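S.K.:
Protein chains: 6
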Amino acid sequence: MRISVFRKAHFNAAHRLNSSLLSVQENERIFGKCNRPNYHGHNYDLEVKVSGEVDPVTGYLIDLGVLKDIIAEQVTDYLDHRNLNLDIPEFRDLNPTAENIAIVIWKLLRPHLDERFDLQVRLYETERNYVEFPVS
Amino acid sequence: MRISVFRKAHFNAAHRLNSSLLSVQENERIFGKCNRPNYHGHNYDLEVKVSGEVDPVTGYLIDLGVLKDIIAEQVTDYLDHRNLNLDIPEFRDLNPTAENIAIVIWKLLRPHLDERFDLQVRLYETERNYVEFPVS
Amino acid sequence: MRISVFRKAHFNAAHRLNSSLLSVQENERIFGKCNRPNYHGHNYDLEVKVSGEVDPVTGYLIDLGVLKDIIAEQVTDYLDHRNLNLDIPEFRDLNPTAENIAIVIWKLLRPHLDERFDLQVRLYETERNYVEFPVS
Amino acid sequence: MRISVFRKAHFNAAHRLNSSLLSVQENERIFGKCNRPNYHGHNYDLEVKVSGEVDPVTGYLIDLGVLKDIIAEQVTDYLDHRNLNLDIPEFRDLNPTAENIAIVIWKLLRPHLDERFDLQVRLYETERNYVEFPVS
Amino acid sequence: MRISVFRKAHFNAAHRLNSSLLSVQENERIFGKCNRPNYHGHNYDLEVKVSGEVDPVTGYLIDLGVLKDIIAEQVTDYLDHRNLNLDIPEFRDLNPTAENIAIVIWKLLRPHLDERFDLQVRLYETERNYVEFPVS
Amino acid sequence: MRISVFRKAHFNAAHRLNSSLLSVQENERIFGKCNRPNYHGHNYDLEVKVSGEVDPVTGYLIDLGVLKDIIAEQVTDYLDHRNLNLDIPEFRDLNPTAENIAIVIWKLLRPHLDERFDLQVRLYETERNYVEFPVS
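Sequence order for the protein chains is U, C, S, H, P and Z.
The opening residue of the first sequence carries number 0 in numbering that gives the first Met the number 0; numbering runs sequentially from there.
The opening residue of the second sequence carries number 0 in numbering that gives the first Met the number 0; numbering runs sequentially from there.
The opening residue of the third sequence carries number 0 in numbering that gives the first Met the number 0; numbering runs sequentially from there.
The opening residue of the fourth sequence carries number 0 in numbering that gives the first Met the number 0; numbering runs sequentially from there.
The opening residue of the fifth sequence carries number 0 in numbering that gives the first Met the number 0; numbering runs sequentially from there.
The opening residue of the sixth sequence carries number 0 in numbering that gives the first Met the number 0; numbering runs sequentially from there.
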């Protein structure tokens with residue numbers, strides 16, 4: 000009786016795409032307007048998927064109120080209304096692409112979920128662009 | 000040429016979360032406002048996923064009109080505008096969490112679909128909380 | 000420089016449609032499955048529209064954080080995870096149709112907003128059915 | 000035969016709320032996390048409403064391709080992937096609240112639409128917060 | 000106690016934009032790919048708004064089940080899975096722009112609603128383009 | 000560090016369901032109003048999923064601007080504002096069901112993506128009906 004539960008969350012943040020492994024010219028060429036120096040921003044929509052066995056006593060996989068609190072404490076309170084490049088240590092040397100943000104979020108959440116659960120995150124940067132980690 | 004087709008459906012129902020395996024105090028503590036005695040309710044959105052081989056003559060995996068009717072007859076006509084705890088025998092001794100509702104819906108649909116098809120259901124309790132059974 | 004700001008909120012509630020001014024038979028005939036005795040429920044989506052002059056100092060019409068708190072305290076904390084017919088005094092003798100719920104919400108909010116503001120509420124009972132009060 | 004046509008557009012921008020008419024302490028108190036110095040950002044969704052008489056020859060109120068181009072040239076190319084506070088002269092001395100951004104957008108569009116048309120803009124800062132100018 | 004109720008409906012149709020008052024060259028120039036001879040199509044989303052006084056006995060403005068049936072009988076059963084140019088007499092000499100389709104729908108519905116109600120329709124041709132008749 | 004990125008796109012097209020392997024009567028019986036001779040149409044929403052390893056230098060799986068251009072050139076410019084049955088050679092002898100359109104789109108895209116990437120497409124014919132190829 001393995002099942003998945005999903006919880007959505009949200010944060011707003013500024014960022015610019017800029018890789019410390021690339022020259023100024025390469026960053027401009029590859030990232031275009033996403034590389035502009037004064038930042039732009041997004042409403043990031045996050046979907047967290049937790050998979051495992053349903054508890055036969057409660058009928059819950061995991062208490063979604065508990066999951067909501069973990070997401071808020073570990074992810075959205077930390078990233079919301081922040082500049083990812085300037086304010087968040089994880090992105091000091093890591094380009095805040097949607098891919099890398101999703102992987103960072105997964106690493107922030109993973110230690111706070113019991114080992115019997117599988118975890119996947121989906122991150123919408125815009126309505127048209129989103130990423131999922133890890134691959135399903 | 001294996002493919003998946005999805006059909007969405009909808010029903011509105013009342014419920015309360017209350018496990019017959021827990022004491023009154025435990026039910027209150029675990030389920031909080033979802034345990035309130037006079038019920039609350041939801042607009043449940045259901046997505047049914049059927050997977051298999053496309054029929055080379057029709058170009059259909061399954062006639063979505065037929066699938067729509069199966070979902071209506073087996074699930075939404077049965078659950079819509081009902082009190083899950085009081086009106087639906089499957090929940091007499093089963094807590095109507097989103098997880099359990101999704102599993103019940105899967106069991107209601109499975110016998111009515113040909114064995115060559117795989118079946119998965121996704122159930123939205125709110126826009127922010129949903130479940131998927133079985134795990135993909 | 001008159002402008003409108005909108006804030007969305009959400010609550011889940013159980014109800015049944017039943018008018019104390021109609022007989023049992025008339026209630027059944029008019030309200031059909033919405034009249035079933037054991038209640039059903041909805042995810043109600045609420046949009047609150049406040050109109051007036053922008054404050055030239057702050058650039059706000061009204062602080063949306065303040066508006067959010069007023070909506071929570073006066074409306075959603077009061078109605079969420081409740082049975083409208085049994086738990087909410089305003090519906091003791093008032094049929095909880097979407098129309099009447101919207102009017103009740105308007106009356107709950109109006110005294111808590113400064114007189115210089117106009118107020119309108121939109122209430123979604125389902126994605127396909129919603130009401131707006133007062134008429135614009 | 001007066002009718003309204005609507006066209007949606009989109010831009011992503013960084014901003015912080017900070018009024019030049021308020022002290023540092025007042026800005027912090029009033030705008031909270033929206034005042035943080037390193038900016039945050041949004042996916043702004045814009046709906047432009049143009050009203051007037053349908054042209055009996057074409058059946059168009061206005062060619063939506065033309066309207067789309069006006070919105071792109073005057074608004075979204077100008078604001079997209081920008082820092083509203085630092086990059087956009089209109090916000091040098093104007094706090095970039097949703098209210099003020101909507102008014103600025105209305106003023107950018109108005110001269111480019113024929114006088115026989117009425118114009119209204121709706122701006123979503125998040126899915127839950129939006130503004131409309133002028134009042135309808 | 001004037002209030003508005005809204006009901007959404009849906010139909011899928013083929014059309015091409017072509018005005019009988021314009022030459023072949025003008026039609027091509029003005030309507031571009033929308034003028035292609037073999038038609039294209041849309042999922043049209045329709046929102047019907049009815050305004051008036053709430054009935055104090057039922058708490059309804061209008062029975063939404065009745066309104067749903069009127070919309071189906073007068074509009075969606077008539078237009079769904081049709082070619083607007085070839086199959087629908089109203090568009091024999093009328094270009095099926097979103098504007099004209101909305102006006103035709105309004106005229107189809109108006110005689111079937113009591114005179115005490117005001118009527119407005121909103122028609123989405125795509126998620127980004129929609130029209131509203133009459134002007135509010 | 001395998002990840003998936005998704006990009007949404009859109010096209011509007013006319014079609015009718017009609018299999019060259021079936022008689023006129025069988026086509027009518029199986030496809031009903033979808034078989035009507037003058038075509039109907041849809042707003043098709045397409046989600047393209049590309050999976051693989053994140054590039055450690057750029058932080059991208061694939062440049063979404065590049066992916067957007069591939070989708071436009073290979074799929075949406077080709078299918079948009081077209082009659083699938085009459086204008087698109089792939090459907091000369093292939094019934095343009097959602098299943099077959101999804102498979103055609105997958106085949107159009109596959110040669111333009113590096114072999115190190117996995118590809119899946121999801122195609123929405125309406126908000127309630129969609130397909131995914133290949134099975135995940």
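For glycine and all other residues, C-beta sits at the position ideal for the given N, C-alpha and C.
Model, not experiment: these values are computed from the prediction.
If I measure Cβ to Cβ from P/Gly64 and keep anything under 8 Å in the same chain, skipping five residues before and after, which residues do I get?
M.R.: If we look at P/Gly64 and ignore the five residues flanking it on each side, it has no Cβ neighbours.
S.K.: Going along chain Z in order, which residues have a C-beta closer than 8 Å to the C-beta of U/Ala101?
M.R.: Those are Ile2, listed as they occur along chain Z.
S.K.: Give the DSSP bridge partners of P/Val47, in chain order.
M.R.: Answer is P/Arg6 and P/Val120, bridged to P/Val47.
S.K.: So that I know if they touch, is there some Cβ in chain S lying closer than 7 Å to that of P/Leu78?
M.R.: With 7 Å as the cut-off, P/Leu78 does not count as an interface residue toward chain S.
S.K.: Counting only the same chain and skipping the five closest in sequence on each side, list residues whose C-beta sits under 6 Å from that of S/Phe5.
M.R.: Excluding sequence neighbours, S/Phe5 sits near Glu46 and Lys48.
S.K.: For C/Glu131, report the span of its beta strand (DSSP E) as first-last.
M.R.: Here the beta strand (DSSP E) through C/Glu131 covers Asn128 to Phe132.
S.K.: In whole angstroms, give me the CA-to-CA distance for U/Pro95 and U/Leu83.
M.R.: About 7 Å.
S.K.: Taking just the CA atoms, how far does S/Leu107 sit from S/Arg91?
M.R.: Going from the Cα of S/Arg91 to the Cα of S/Leu107 covers about 16 Å.
S.K.: To which residues of the same chain is H/Thr125 closer than 8 Å at the C-beta, ignoring the five residues directly before and after it?
M.R.: Around H/Thr125: His41.
S.K.: Quick check: is the beta carbon of P/His131 nearer than 7 Å to any beta carbon in chain H?
M.R.: For the record, residue 131 of chain P in the displayed sequence is Glu; it is not His. P/Glu131 counts as touching chain H.
S.K.: Does S/Thr57 have its Cβ less than 7 Å from a Cβ in chain H?
M.R.: True, the Cβ-Cβ gap to chain H drops below 7 Å.
S.K.: In angstroms, rounded to a whole number, what distance separates the CA positions of U/Asn37 and U/His14?
M.R.: Approximately 9 Å, taken between the alpha carbons.
S.K.: Between the region 22-33 of chain P and the region 103-118 of chain S, do three or more beta carbon pairs fall short of 8 Å?
M.R.: The region 22-33 of chain P vs the region 103-118 of chain S: no contact.
S.K.: By the three-class DSSP mapping on this structure, what secondary structure does P/Arg109 have?
M.R.: In the structure shown, P/Arg109 sits in a helix (DSSP, three-state: H, G or I).
S.K.: Given a limit of 7 Å on CB to CB distance, which residues of the region 101-127 of chain Z reach chain U?
M.R.: Flagged: no residues at all.
S.K.: Using a C-beta cutoff of 7 Å, does C/Phe10 count as contacting chain Z?
M.R.: Closer than 7 Å: no.
S.K.: Could you check whether C/Gly58 and Z/Glu98 sit closer than 7 Å to each other, using their CB atoms as the reference points?
M.R.: Yes, Cβ-Cβ distance for Z/Glu98 and C/Gly58 is below 7 Å.
S.K.: Assuming U/Val23 is part of the alpha helix (DSSP H), what are its boundary residues?
M.R.: Looking at the DSSP string, the run of the alpha helix (DSSP H) that includes U/Val23 is Val23 to Phe30.
S.K.: Write down the C-beta distance between H/Ala8 and H/Val74 rounded to the nearest angstrom, noting that I regard them as a contact closer than 8 Å.
M.R.: The Cβ separation is near 7 Å, so the contact holds.
S.K.: Counting only the same chain and skipping the five closest in sequence on each side, list residues whose C-beta sits under 6 Å from that of H/Val53.
M.R.: Cβ within range, chain order: Met0, Ile2 and Leu60.
S.K.: First and last residue of the alpha helix (DSSP H) that includes P/Asp92?
M.R.: No alpha helix (DSSP H) contains P/Asp92, which DSSP labels as neither H nor E.
S.K.: Thinking C-alpha only, which one of U/Leu21, U/Ser18, U/Asp86 and U/Arg35 is nearest H/Asp86?
M.R.: Nearest of U/Leu21, U/Ser18, U/Asp86 and U/Arg35 to H/Asp86, Cα basis: U/Arg35.
S.K.: Checking the sheet assignment: what are the DSSP bridge partners for U/Ala13?
M.R.: Answer is U/Gly40 and U/Asn82, bridged to U/Ala13.
S.K.: Measuring alpha carbon to alpha carbon, tell me which of S/Arg121, S/Glu72, S/Ala12 and S/Cys33 ends up nearest S/Ser18.
M.R.: Checking every option, the nearest Cα to that of S/Ser18 belongs to S/Cys33.
S.K.: Cβ of C/Val74 less than 7 Å from any chain Z Cβ?
M.R.: For C/Val74, the answer is no, since every Cβ of chain Z falls outside 7 Å of its Cβ.
S.K.: Looking only at its own chain, which residues have a Cβ that is under 6 Å from the Cβ of P/Gly51, when we skip the five neighbours before and after it?
M.R.: Within the same chain, P/Gly51 has close Cβ partners Leu60, Arg115 and Phe116.
S.K.: U/Leu20 and Z/Val56: beta carbons closer than 7 Å?
M.R.: Yes, these two residues count as a Cβ contact at 7 Å.
S.K.: Inspect the beta-carbon positions of P/His39 and Z/Asn11 and report whether they are closer than 7 Å.
M.R.: Yes, these two residues count as a Cβ contact at 7 Å.
S.K.: Since C/Glu138 sits in a beta bridge, which residues does DSSP pair it with?
M.R.: No answer is possible for residue 138 of chain C: it lies beyond the span of chain C, which begins at 0 and ends at 135.
S.K.: Apart from the five residues just before and just after U/Ser135, which ones in its own chain have a Cβ nearer than 7 Å to its Cβ?
M.R.: Once the five neighbours on either side are set aside, the close Cβ partners of U/Ser135 are Gln119.
S.K.: So for P/Leu20, helix, strand or coil by DSSP?
M.R.: DSSP places P/Leu20 in coil when its eight states are reduced to three.
S.K.: Which of the three DSSP states is assigned to S/Gly64 in this structure?
M.R.: In this structure, S/Gly64 counts as helix in the three-state DSSP scheme.
S.K.: Would you mind telling me which residues of chain P sit closer than 8 Å to H/Leu63, beta carbon to beta carbon, in chain order?
M.R.: Within 8 Å Cβ-Cβ: Asn128.
S.K.: Quick one: which chain S residues come within Cβ less than 8 Å of H/Asn94?
M.R.: Simply Thr57 and Gly58.
S.K.: S/Thr57 by DSSP, collapsed to three states: which one?
M.R.: Coil.
S.K.: Taking Cβ-Cβ distances below 7 Å as the criterion, which residues of the region 27-55 of chain U are in contact with chain H?
M.R.: Listed in sequence order: Lys32, Cys33, Arg35, Asn37, Tyr38, His39, Gly40, His41 and Asn42.
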